[in-house]
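Let me begin by presenting the structure, written as structure tokens, before commenting on it.
Residue numbers (UniProt numbering), protein chains in the order written: chain P, 1 to 685; chain Z, 1 to 685.
In structure tokens form, the structure reads like this:
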């Protein structure tokens, strides 16, 4: 096909925009954009199909910049192709309230698929996006109707290559034979500490081959546009393996400091900016220049993408008439709304129903709703039988050639890869046609903390099924018993932590998790059995907190979650029988959702006038918001049968009662005794 | 050398002990011990040198069971060799307060080097132990005095092999050419979800070769004792690469369910227990049997280990006379006490000294003390220039053949591998001769959460240098700005979170971190400059909290940390000038250390009678313990110059003052107004 001066001009435009924006911000990373401009140009202009006027088109090719610090590369390209990113936006790179923040954020900027920057995340997001494509194709594609055909392209650097999360995701992608995934490795030998030879001397090519990837090497990524094109073309032809193209580039190409760490994370000096522009034939006195012929070239490609979308839209209409149910399902999924009436499938329990572990209650929810909610995917990081994440008739998501599943399968075997699982779920959710749920022990969600944080920051509807949620897991002991974990995730903005006390609350948790389009959820679930509570209903549960046991003239409110709510109910009897104390009980399965209720309702739950004691068998940190005093566990747990462990730490009706009596005594003289919900001022949101 | 019936008997004794203990506990993992008994026997009895009577001997060979769920293997062996683990202890496997908990815990059980079970951790711990050996040899070994010669042996399974942390550590170990590290991969094709072919089909051998490891394969790990011996021997001969021996075994060897997932995480049924014993020639009616000839064999090996230690002790005495300084240094290090007077090197600041970022203040501490504290190692996960973790004359810890460092080097280039860094530091600390400090951005300590938790649980003196600690990092934006992170780590037991406000507090943080032998620390440090405070001294700082500005008849206490303390001091002026309100300021650099002060002192800081307002530019979760009202940031941050970001969120003297006034008004009518430190009952510790 050949490349001409306009191609070169486009590449150098990307580079000079990155130079200008980082210089204007006096902050940012010019090196990666300058080094990767050639491959970005070839990829976006020759291979990728997208419509800048509708960044949400379902079958667009996806692009992920896993080395997100190089985001000026992406912002420049988005602008040049005509996405909703203006030259002014580029000028406000890294300024407060700009849509060009320091690292790419999916919810801020049109055309950004996933939020990257924390290294390795984008790599695993891309694997998730590729899984979602393969799955959606498996479900929806029919002869003559290739509804989902897109590729996922991803750039990553040495930093991502070193991160464990990327290793996990690469191993998973190889196993899954994701032929629609093409990763380009910016092999520039530079990381922040300088030459990668100080810490990273492995054979990356061989490692990816060991994972089952198809690997190519383009040795002159600075100039060899044809070589880049050929490699991407070849990668597209390999459909039974993910592809990695090792692209040797010069970081900061064109700068006086090219090829050094000096150009990685700092803007170029003023004279270097000028020098670069002169070298590239740009006017050194001008900034933020995009030559018209470059706009023309890119806008032409963009209009081809718009036409492709139109074609796809027509295809979808035909599809909808030939495959009525599937067509309707697909159209509905793209609205992100769940099917009408699905919630009627949620299991409902009576107090007389038997005691069941909430991990089993969660399984019953999945069993009950999986047919009604076809976009729901489940999976586990190799703890399927313990997490109870798999409905009986589930088909595994696997490459058909393995003989153990199908692309259309809805159950993911993530392997013992918690961090990659979480980030792959972020990618799955970002694709737009599925809702991923994935399981591990609550304690090991911490392995995935980096990705969980990005679920929240990037507003992904992801569900963490976190079983074995406390010392109640018993014998596995302190290495597996969460103490700090719920405090951690309760401190995370835009994240719901659920700890249901019984069956109805578990159904409520799923209801809110599935209907919250922009907020991820974690469900902390027990290993041990829990009785079905008297006051519990789904309607109560979805408020995040409610009065589980009311008592007139109560001396104290016990506020609790999960497995400790039924203990509190026992404590109420113990208090009456042994101390002549009247107590009431509030179940608070989700603080974040409770916080969103109106104040009047919340104060009915945790009222003024009597003290509140919280009871939760883990860190008390944060419980002061809902209680005057806290009974918890601010030390590590113990290995033993769970009832013995509970007894050791006094989580018994007696132990709770003792503290309730002390609390009542302590607050007797305080006037007025306000609910802890009463605050002097509102928090910024 | 040959193997006879006693060897077989020893192997089957390990197996039957694992069967009996898991059966008695009705819990645990018999599969791995039964499969790995042969290699454990060969390794411990033919290769490892140790003295069960002194598990702390400095030059012992180290053993790490990364697949820690198989701990009955280790407990059985410790018992059989004569460590302080009795048959009764084995009978109390997985019972409350037993020294044989559900997973191996370093501080509970003699002979357990590191706390494992969370998968992949032990792998990286072993890399750390091997680094510590190489470093100690580099520092102390002299001609004729090979003081440190031990090997580190580590078992890992498919679960560990899938974890990103193990990938990171394996890549680092390959780079570091750790010839003293020998890992044995239990290639049994079974994980909890069943056959590994459902998720893990990569070529593990090739992957480790890509990392630069020497790899061998023993195909019949169930029977080929000679093959195992030969492979370990060969691995010891390869001194410029870590070795991995892929050992194909049958999980649950001997059980009716051998080779299946059924024997992984569940005790054998009663009839299977009997069947196994009969198969192995044991009396099926007896439990917890160790034949005398097996004791004899193992005790003989143990006594050889004791003799080896005696020899080493004599060598140390000779060494101490020939190399006086080094000998004295080594002996001192083994007591875990720091050199006399080291603390006099800690930098001290006056209020008139210039404003400096606390990451730079941390660098000044390292620069000042590195000579006085030779056991202090530093390093960074590829953020050296940003974390300021490297003193000027530091030598890198590198294999000399690379030409960029020495084994005796004290600066670690961990690469972009936060999780492995943390777990390697746990291994380094566990070795006993060094104190590791390692840097990354505070936000990315979360990537290492799984290992940080184990620093705390296993009482390791590890220092996390966590820079760029808030929205104060500015332009990098929300993906890099911690919100939930300090709440997370404050909820972690046995862990100190420091957020110093200036130079003296930074020195205090290092003082406490370095002198706390059994508690890890995290130092949250700013990117931006901080002024030196009036009331700040090292003596004040080491109390964890103190009155930074006293004011008689104050209306309110402002409680704050780090970069917000000086803002609070400005707010005091603003309050006086604009609201005629008198405020006092408490700096609380470390809650955990403050909590350990006597109540009288703490109440002097945060007294009864006036309200307290906390000010910290991140999640307010947990601050209720020290304040009546909280000003923080319970949402994600923003990308921009840090002063603009602070302004956006009202972290200004005005913003603080507004909330202080609201707080005073709100609490006017409450009588008595108690300090938040007044509690109704004490927490269990």
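Ideal Cβ positions, reconstructed from N, Cα and C, are used throughout, including at glycine. A quick note: this is a predicted structure, and the numbers were derived from the prediction, not measured.
Legend entry - Beta carbon of residue 28 of chain Z nearer than 9 Å to that of residue 37 of chain Z: Position 28 of the second chain, counting from 1, holds the residue named residue 28 of chain Z. Position 37 of the second chain, counting from 1, holds the residue named residue 37 of chain Z. Inclusion of residue 28 of chain Z and residue 37 of chain Z in the CB contact set at 9 Å is not warranted, their separation being larger than that value.
Legend entry - Residues that residue 419 of chain P contacts on chain Z, provided the C-beta gap is smaller than 7 Å: Counted from its first residue, the first chain places residue 419 of chain P at position 419. Correct list: 164.
Legend entry - Helix, strand or coil at residue 6 of chain P according to DSSP, with G and I counted as helix: Counting from one through the first chain, the residue named residue 6 of chain P turns up at place 6. Looking at residue 6 of chain P - three-state DSSP - the assignment turns out to be helix.
Legend entry - First and last residue of the uninterrupted beta strand (DSSP E) at residue 630 of chain Z: In the second chain, the residue the question calls residue 630 of chain Z occupies position 630. Residue 630 of chain Z -> beta strand (DSSP E) spans 629-631.
Legend entry - Own chain residues within Cβ distance below 7 Å of residue 219 of chain Z, not counting five before or after: Taking the first residue of the second chain as 1, we reach residue 219 of chain Z at position 219. Counting only Cβ-Cβ distances below 7 Å, and skipping sequence neighbours, we find 248.
Inset, instruction - Specify the secondary structure class of residue 41 of chain P as computed by DSSP and reduced to three states. - result: Your numbering for residue 41 of chain P matches position 41 in the first chain. Helix, per DSSP.
Inset, instruction - Just confirm the distance between the C-beta atoms of residue 575 of chain P and residue 660 of chain P, as a whole number of angstroms; I'd bet it's less than 8 Å. - result: Translated into the one-based positions of the first chain, residue 575 of chain P becomes position 575. Translated into the one-based positions of the first chain, residue 660 of chain P becomes position 660. Indeed, because the Cβ distance is near 6 Å, the residues count as touching under 8 Å.
Inset, instruction - Give a yes or no on contact between the stretch 61-81 of chain P and the stretch 30-49 of chain P, applying the rule of three or more CB pairs nearer than 8 Å. - result: By the C-beta criterion, the stretch 61-81 of chain P is judged to be in contact with the stretch 30-49 of chain P, since at least 3 inter-stretch pairs fall below 8 Å.
Inset, instruction - Could you tell me whether the stretch 575-592 of chain Z touches the stretch 543-558 of chain Z, using the rule of 3 or more Cβ pairs below 8 Å? - result: These segments touch.
Inset, instruction - Check whether the Cβ atoms of residue 239 of chain P and residue 180 of chain P sit closer than 9 Å, and answer yes or no. - result: Position 239 of the first chain, counted from the start, is the residue given in the question as residue 239 of chain P. Position 180 of the first chain, counted from the start, is the residue given in the question as residue 180 of chain P. Residue 239 of chain P places its beta carbon less than 9 Å from that of residue 180 of chain P.
Inset, instruction - Could you name the residues of the same chain whose beta carbon sits closer than 8 Å to that of residue 199 of chain P, not counting the 5 residues immediately before and after it, in chain order? - result: Sequence index remark: in the first chain, residue 199 of chain P carries index 199 (1-based). If you ignore the 5 residues before and after residue 199 of chain P, its C-beta comes within less than 8 Å of the C-beta of 162, 191, 193, all in its own chain and listed in chain order.
Inset, instruction - Note down, in chain order, all residues in the stretch 349-369 of chain Z with a beta-carbon under 8 Å from any beta-carbon belonging to chain P. - result: So the list is empty, because no residue satisfies the distance condition.
Legend entry - chain Z contacts from the stretch 580-596 of chain P (Cβ-Cβ distance under 7 Å): Considering only beta carbons, no part of the stretch 580-596 of chain P lies closer than 7 Å to chain Z.
Inset, instruction - Using a threshold of 9 Å, state whether the C-beta atoms of residue 442 of chain Z and residue 434 of chain Z are closer than that. - result: By 1-based counting over the second chain, the position of residue 442 of chain Z is 442. By 1-based counting over the second chain, the position of residue 434 of chain Z is 434. Taking a C-beta distance under 9 Å as the contact criterion, residue 442 of chain Z and residue 434 of chain Z do not qualify as a contact pair.
Legend entry - Inside the stretch 383-420 of chain P only - alpha helix (DSSP H) runs reaching at least 4 residues: Complete alpha helix (DSSP H) runs here, min 4: 384-387.
Legend entry - As assigned by DSSP and simplified to three states, the class of residue 213 of chain P: Your numbering for residue 213 of chain P matches position 213 in the first chain. In the structure shown, residue 213 of chain P falls within a coil segment according to DSSP collapsed to helix, strand and coil.
Legend entry - For residue 585 of chain P, the residue or residues it bridges with in DSSP: For the purposes of this step, residue 585 of chain P is taken as the residue at position 585 of the first chain. Note: residue 585 of chain P is bridge-paired with P:549, P:558 in the DSSP secondary-structure output.
Inset, instruction - Please look up how many angstroms separate the CB atoms of residue 642 of chain P and residue 471 of chain P, rounded, as I've assumed it's under 8 Å. - result: Position 642 of the first chain holds residue 642 of chain P. Position 471 of the first chain holds residue 471 of chain P. Right, the Cβ-Cβ distance comes to about 7 Å (below 8 Å), so this counts as a contact.
Inset, instruction - Could you tell me whether any Cβ in chain Z is nearer than 9 Å to the Cβ of residue 464 of chain P? - result: Walking along the first chain from the start, residue 464 of chain P turns up at place 464. It does not; no Cβ of chain Z falls within 9 Å.
Legend entry - CB contact flag (residue 361 of chain Z, residue 516 of chain Z, <9 Å): As a first step, residue 361 of chain Z must be located in the second chain, where it is residue number 361. As a first step, residue 516 of chain Z must be located in the second chain, where it is residue number 516. No, Cβ-Cβ distance for residue 361 of chain Z and residue 516 of chain Z is not below 9 Å.
Legend entry - Residues of the stretch 627-647 of chain P whose Cβ lies closer than 9 Å to any Cβ of chain Z, in chain order: Residues of the stretch 627-647 of chain P that bring their beta carbon within less than 9 Å of a beta carbon in chain Z comprise 628, 629, 630, 631, 632, 633, 634, 635, 636, 638, 639, 640, 641, 644, 645, 647, in sequence order.
Inset, instruction - To the nearest angstrom, report how far apart residue 226 of chain Z and residue 4 of chain Z are at their CA atoms. - result: The residue you call residue 226 of chain Z lines up with position 226 of the second chain. The residue you call residue 4 of chain Z lines up with position 4 of the second chain. Cα to Cα, residue 226 of chain Z sits roughly 11 Å from residue 4 of chain Z.
Legend entry - Proximal chain P residues relative to residue 657 of chain Z, where beta-carbon distance stays under 8 Å: As a working note, residue 657 of chain Z is residue 657 in the second chain. Those within 8 Å of residue 657 of chain Z in chain P number zero; the least Cβ separation is about 12 Å.
Legend entry - Span of the alpha helix (DSSP H), counted from its first residue to its last, around residue 595 of chain P: As a working note, residue 595 of chain P is residue 595 in the first chain. Under the DSSP assignment, residue 595 of chain P falls in the alpha helix (DSSP H) whose first and last residues are 591-595.
Legend entry - Bridge partners - residue 154 of chain Z, DSSP secondary structure assignment: Sequence index remark: in the second chain, residue 154 of chain Z carries index 154 (1-based). Residue 154 of chain Z is bridged to Z:64, Z:183.
Legend entry - residue 497 of chain Z - partner residues in DSSP beta bridges: Position 497 of the second chain, counting from 1, holds the residue named residue 497 of chain Z. Per DSSP, Z:522.
Legend entry - Cβ contact check for the stretch 335-347 of chain Z and the stretch 474-487 of chain Z: 3 or more pairs under 8 Å: Touching, no.
Legend entry - Whole-number beta carbon distance between residue 355 of chain P and residue 530 of chain P, since they are thought to touch under 8 Å: Translated into the one-based positions of the first chain, residue 530 of chain P becomes position 530. Translated into the one-based positions of the first chain, residue 355 of chain P becomes position 355. With a Cβ gap of about 6 Å, residue 530 of chain P and residue 355 of chain P count as contacting.
Inset, instruction - Run the CB neighbour count on residue 398 of chain P, radius 10 Å, all protein chains shown included, and call it buried at 16 or more, exposed below. - result: Translated into the one-based positions of the first chain, residue 398 of chain P becomes position 398. It counts as buried.
Inset, instruction - Measure the alpha-carbon distance for residue 338 of chain P versus residue 376 of chain P and round it to whole angstroms. - result: Residue mapping note: residue 338 of chain P aligns to position 338 of the first chain, counting from 1. Residue mapping note: residue 376 of chain P aligns to position 376 of the first chain, counting from 1. Across the structure, residue 338 of chain P and residue 376 of chain P are spaced so that their CA atoms are roughly 10 Å apart.
Inset, instruction - Report yes or no: do the stretch 552-566 of chain P and the stretch 486-505 of chain P share at least 3 C-beta pairs separated by less than 8 Å? - result: Cβ pair count under 8 Å is three or more, so yes.
Inset, instruction - Just the chain P side, please: which residues come within less than 7 Å of residue 89 of chain Z by C-beta, in chain order? - result: Here residue 89 of chain Z is taken as the residue at index 89 of the second chain, counted from 1. Chain P residues near residue 89 of chain Z: none, gap ~13 Å exceeds 7 Å.
Inset, instruction - Look at the alpha carbon of residue 593 of chain P and the alpha carbon of residue 616 of chain Z, and state the distance between them as a whole number of angstroms. - result: Residue numbering aside, residue 593 of chain P sits at position 593 when the first chain is read from its first letter. Residue numbering aside, residue 616 of chain Z sits at position 616 when the second chain is read from its first letter. When the Cα atoms are used, residue 593 of chain P and residue 616 of chain Z turn out to be separated by approximately 24 Å.
Inset, instruction - Would you please verify whether the beta carbon of residue 96 of chain P is less than 9 Å from any beta carbon of chain Z? - result: Within the first chain, residue 96 of chain P is the residue found at index 96, counting from 1. Chain Z has a Cβ within less than 9 Å of the Cβ of residue 96 of chain P.
Inset, instruction - Give a yes or no on whether the minimum CB-CB distance between residue 103 of chain P and chain Z is below 9 Å. - result: By 1-based counting over the first chain, the position of residue 103 of chain P is 103. So yes, residue 103 of chain P belongs to the interface.
Legend entry - residue 438 of chain Z - DSSP class collapsed to helix/strand/coil: Mapped onto the second chain, residue 438 of chain Z falls at position 438. Note: residue 438 of chain Z maps to strand in three-state DSSP.
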